[in-house]
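**Q** Protein chains in written order, with my numbering: chain A, 549 to 712; chain B, 45 to 109.
In this text, a Cβ means the ideal position worked out from N, Cα and C, and glycines have one as well.
Can you keep this structure in mind? I'll have questions shortly.
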Amino acid sequence: MQSNLKALLERLLRYKIDFVLAGGLASAVHGSPQVTQDIDICIAITEEEVAKLREALKDLNPRHRMNPSFKPSFLEYPEKVEGWNNIYLETDLGVLDILSELKPVGSFARINANAITISVYGYDCKVISIDDLLTIKASMTRPKDKETVRILTEIKARTEKPGR
Amino acid sequence: MPKETLKVDQNNHPEQSQIDSSLIEYHLRLSYEQRLEAHEAARQLLEDLKSAGQQFYAKQSQSPA
Numbered sequence: 549m550q551s552n553l554k555a556l557l558e559r560l561l562r563y564k565i566d567f568v569l570a571g572g573l574a575s576a577v578h579g580s581p582q583v584t585q586d587i588d589i590c591i592a593i594t595e596e597e598v599a600k601l602r603e604a605l606k607d608l609n610p611r612h613r614m615n616p617s618f619k620p621s622f623l624e625y626p627e628k629v630e631g632w633n634n635i636y637l638e639t640d641l642g643v644l645d646i647l648s649e650l651k652p653v654g655s656f657a658r659i660n661a662n663a664i665t666i667s668v669y670g671y672d673c674k675v676i677s678i679d680d681l682l683t684i685k686a687s688m689t690r691p692k693d694k695e696t697v698r699i700l701t702e703i704k705a706r707t708e709k710p711g712r
Numbered sequence: 045m046p047k048e049t050l051k052v053d054q055n056n057h058p059e060q061s062q063i064d065s066s067l068i069e070y071h072l073r074l075s076y077e078q079r080l081e082a083h084e085a086a087r088q089l090l091e092d093l094k095s096a097g098q099q100f101y102a103k104q105s106q107s108p109a
């Protein structure tokens, strides 16, 4: 199967995974010209939501990618999600990072409360707010994150209405 | 323990490097043609999301202050 992030995002939307889009794709929604090679989503990592994710990804060979010598299938591992804050996967359609908390802003509930909703591929898709995205990116030190902060800060200044 | 190496947090810089490395490793396993096709699909996705974002902000700008 060919790596295809568009198909992977459509899959998540079609299976009604309750997620908020974050990372580079969220930056694009807010107008950043930067590119990205993966999908970052924020969800509540519960047994129920992980079961939905496994159903959505079951034919995409989802496996954990953080240890090159230990890549168990996400369909079988972990057996219980208690204690798991983030799950980093590779699938036949691309790389998917599943995050239950985005520091320093907070948990899925907090991110979800401020999220915006866009319409894409015929579905509603929640996206992290530009303010929350800026707070998260500002806390990171990679050059690409610094660049994102600079760009999003400028975009925010241009799009905000005077007096709001 | 290998199991524990799967449980890392974002925003922690050494672990972020690990996350970035595993992403690069994934793409390097693809053939040249596959990388080009993956890039094109990602580019299309970015365009679609930018367009959806523009529509969102256009509606927002038309809403009463």
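Scan the stretch 643-666 of chain A for residues whose Cβ lies nearer than 9 Å to a Cβ of chain B and list them as they occur along the chain.
**A** Hits within the stretch, in order: V643, D645, L647, E649, L650, K651, P652, I664, T665 and I666.
**Q** Helix, strand or coil for K564(A)? Go by DSSP, reduced to three states.
**A** For this step, residue 564(A) is matched to residue 16 along the first sequence. Of the three classes helix, strand and coil, the one that applies to K564(A) here is coil, per DSSP.
**Q** Could you tell me which residues DSSP pairs with G642(A) in its beta bridges?
**A** As a first step, residue 642(A) is located in the first sequence; it is residue number 94 there, counting from the start. G642(A) is bridged to T639(A).
**Q** Distance, Cα to Cα, H71(B) vs R79(B)?
**A** Translated into the one-based positions of the second sequence, residue 71(B) becomes position 27. Translated into the one-based positions of the second sequence, residue 79(B) becomes position 35. Cα to Cα, the separation comes out at about 7 Å.
**Q** According to the Cβ coordinates, are V583(A) and R87(B) closer than 9 Å?
**A** Residue 583(A) sits at position 35 when you count from the first residue of the first sequence. Residue 87(B) sits at position 43 when you count from the first residue of the second sequence. It is a contact, given that the beta carbons lie within the stated cut-off.
**Q** Whose C-alpha, out of K554(A), F622(A), L601(A) and L700(A), is nearest the C-alpha of K685(A)?
**A** Taking the first sequence and counting its residues from 1, one reaches residue 685(A) at position 137. It is L700(A).
**Q** Taking DSSP as the reference, what is the three-state secondary structure of F656(A)?
**A** Along the first sequence, read from residue 1 onward, the residue named residue 656(A) stands at position 108. Helix, per DSSP.
**Q** Would you kindly work out how many angstroms separate the C-alpha atoms of M45(B) and D645(A), rounded to a whole number?
**A** Here residue 45(B) corresponds to residue number 1 of the second sequence, with the count starting at 1. Here residue 645(A) corresponds to residue number 97 of the first sequence, with the count starting at 1. Because M45(B) sits at a pLDDT of 39, beneath the cut-off of 50, its placement in the model cannot be relied upon, and the point is left open.
**Q** Quick check: is the beta carbon of Y669(A) nearer than 9 Å to any beta carbon in chain B?
**A** Position 121 of the first sequence, counting from 1, holds the residue named residue 669(A). Interface residue, yes.
**Q** Does the stretch 563-582 of chain A come within contact of the stretch 623-641 of chain A, defined as at least 3 CB pairs closer than 8 Å?
**A** At 8 Å Cβ cutoff, the stretches do not touch.
**Q** Of all the options A705(A), R658(A), I678(A) and L608(A), which has the alpha carbon lying nearest to the alpha carbon of G571(A)?
**A** Here the question's residue 571(A) lines up with position 23 in the first sequence. Per the Cα distances, I678(A).
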